[in-house]
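First the structure, in the form of structure tokens, and then the observations on it.
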Amino acid sequence: MIKSLYAHNKSILTKSNLFRTNKFFSTNESKEIGFIGLGSMGSKMVENFRASGYSLKIYDVNANAMKNLSHGSIVSSSIKEIAESCSVVFSILPNDEILTDVSEKLMQYKTESNNFTHVSCSTVSPATSRSLAERFTKLNCQYVSAPVFARPDGIAKKQSFWMVSGPESGRAIATDLLSLTGGKVFDFGDDNGAANVVKLCGNFLIAVISYIDIINIFDNCLKFDSLKFLLNKLSQV
0 MIKSLYAHNK SILTKSNLFR TNKFFSTNES KEIGFIGLGS MGSKMVENFR
50 ASGYSLKIYD VNANAMKNLS HGSIVSSSIK EIAESCSVVF SILPNDEILT
100 DVSEKLMQYK TESNNFTHVS CSTVSPATSR SLAERFTKLN CQYVSAPVFA
150 RPDGIAKKQS FWMVSGPESG RAIATDLLSL TGGKVFDFGD DNGAANVVKL
200 CGNFLIAVIS YIDIINIFDN CLKFDSLKFL LNKLSQV
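Put into structure tokens, the structure is as follows:
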């Protein structure tokens with residue numbers, strides 16, 4: 000399965016343009032940016048955008064999450080409000096189902112005059128991203144996949160790594176704005192699913208390496224019969 004996945008996406012991975020630096024926006028431009036999903040990751044992204052001089056329209060099903068970020072942001076009452084007014088909409092959501100539901104609402108409330116770009120930072124399947132991208136394109140909108148390698152504290156410290164794929168002009172928008180959240184942006188081309196392939200493969204490798212590390216720790220504990228060894232290793236995590 001892994002070999003098949005690699006073969007299918009080999010050309011995608013080898014064509015990536017690392018550290019893309021298109022300058023599509025500047026902080027002096029008046030652009031309406033929406034942000035949906037204010038959990039532990041999204042809230043840090045919003046704070047970084049605000050620190051870079053942007054005022055965002057924010058939305059979350061959790062009213063307390065919006066209240067906590069209300070200073071310096073415009074709290075939206077619904078996804079409809081964001082779809083009607085924002086030229087760029089970021090989202091970072093828990094799973095494929097919720098991303099699809101939010102995307103369908105964005106498409107439902109899209110106006111004829113507002114052909115926005117939706118930048119999804121969620122970790123979802125490549126198939127979901129490709130399907131949503133096709134549907135947004137039919138409405139003259141853009142969908143960009145932009146999952147991230149980082150924990151919330153990494154985003155806060157601007158130490159994140161963003162994988163971006165989708166239409167070229169959409170990638171330029173996403174790259175410019177994600178650069179404000181810190182870290183580096185990696186460009187994986189036109190295929191909306193490519194960034195998700197990289198993210199999922201990365202998660203798999205991280206899980207394997209972590210599992211091997213745990214096995215080695217306990218193996219050494221048994222060999223040396225040393226609780227001190229285990230405590231020392233745990234203190235380094």
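The sequence shown maps to residues 0 to 236 in numbering that gives the first Met the number 0. Yeah, the Cβ is synthetic: ideal placement off N, Cα and C, and Gly gets one too. Just so we're clear, the structure is a prediction, and the values are computed from it rather than from any experiment.
Close beta carbons around residue i, own chain, < 6 Å, minus the five adjacent residues each side
{"i": "Ile73", "result": "Lys56"}
{"i": "Gly36", "result": "Ser90, Ile91, Leu92"}
{"i": "Lys79", "result": "Tyr108"}
{"i": "Ser128", "result": "Ser144, Asn191, Gly192, Asn195"}
{"i": "Ser121", "result": "Ile91, Leu92, Leu98"}
{"i": "Ser25", "result": "Below a pLDDT of 50, predicted positions are generally treated as unreliable, and Ser25, at 43, falls in that range; the measurement from the model is reported next regardless. Hits under 6 Å: none found."}
{"i": "Asn63", "result": "none"}
{"i": "Lys198", "result": "Thr122, Pro146, Met162"}
{"i": "Asp59", "result": "Leu37, Met65"}
{"i": "Ala132", "result": "Tyr142, Asn191"}
{"i": "Gly41", "result": "Ile91"}
{"i": "Ser168", "result": "none"}
Three-state secondary structure assigned by DSSP to residue i
{"i": "Tyr58", "result": "strand"}
{"i": "Val74", "result": "strand"}
{"i": "Phe24", "result": "Residue confidence for Phe24 is low, a pLDDT of 47 falling below 50, so the modelled location carries little weight and cannot support an answer."}
{"i": "Val123", "result": "coil"}
{"i": "Ser130", "result": "helix"}
{"i": "Ser318", "result": "In this structure the chain extends from 0 to 236, so residue 318 is not present and cannot be described."}
{"i": "Ser164", "result": "strand"}
{"i": "Ser69", "result": "coil"}
{"i": "Ser90", "result": "strand"}
{"i": "Ser42", "result": "helix"}
{"i": "Ser234", "result": "A caution first: Ser234 carries a pLDDT of 47, below 50, which makes its placement in the model too unreliable to give a value."}
Own chain residues within Cβ distance below 8 Å of residue i, not counting five before or after
{"i": "Gln158", "result": "Ala149, Gly181, Gly182"}
{"i": "Lys14", "result": "Residue placement at Lys14 is poorly supported in this model, since its pLDDT is 39, which falls under 50; the coordinates still yield a value, given next. Counting only Cβ-Cβ distances below 8 Å, and skipping sequence neighbours, we find Phe187, Gly188."}
Terminal residues of the beta strand (DSSP E) in which residue i lies
{"i": "Gly52", "result": "No beta strand (DSSP E) contains Gly52, which DSSP labels as neither H nor E."}
{"i": "Thr116", "result": "116 to 119"}
{"i": "Gly33", "result": "32 to 35"}
{"i": "Gln158", "result": "Segment: none, Gln158 is in no beta strand (DSSP E) and carries neither H nor E."}
{"i": "Ser144", "result": "141 to 144"}
Extent of the continuous alpha helix (DSSP H) run through residue i
{"i": "Lys104", "result": "95 to 108"}
{"i": "Phe187", "result": "Unbroken run through Phe187: none, as it is neither H nor E."}
Other residues of its chain near residue i: CB distance less than 7 Å, five sequence neighbours each side excluded
{"i": "Ser237", "result": "Outside the displayed span of the chain (0 to 236) sits residue 237, for which this structure offers no information."}
{"i": "Lys43", "result": "Pro151, Ile154, Ala155"}
{"i": "Ser39", "result": "Pro151"}
{"i": "Val101", "result": "Ile35, Ile78, Ser90, Leu92"}
Rounded distance between the beta-carbons of residue j and residue i, thought under 8 Å
{"i": "Asn47", "j": "Leu179", "result": "6 Å"}
{"i": "Leu68", "j": "Val45", "result": "5 Å"}
Using 8 Å as the Cβ pair cut-off and three pairs as the minimum, do the segment 181 to 199 and the segment 69 to 85 touch? no
- Query: Between the segment 111 to 125 and the segment 134 to 154, are three or more C-beta pairs nearer than 8 Å?
  - Reply: yes
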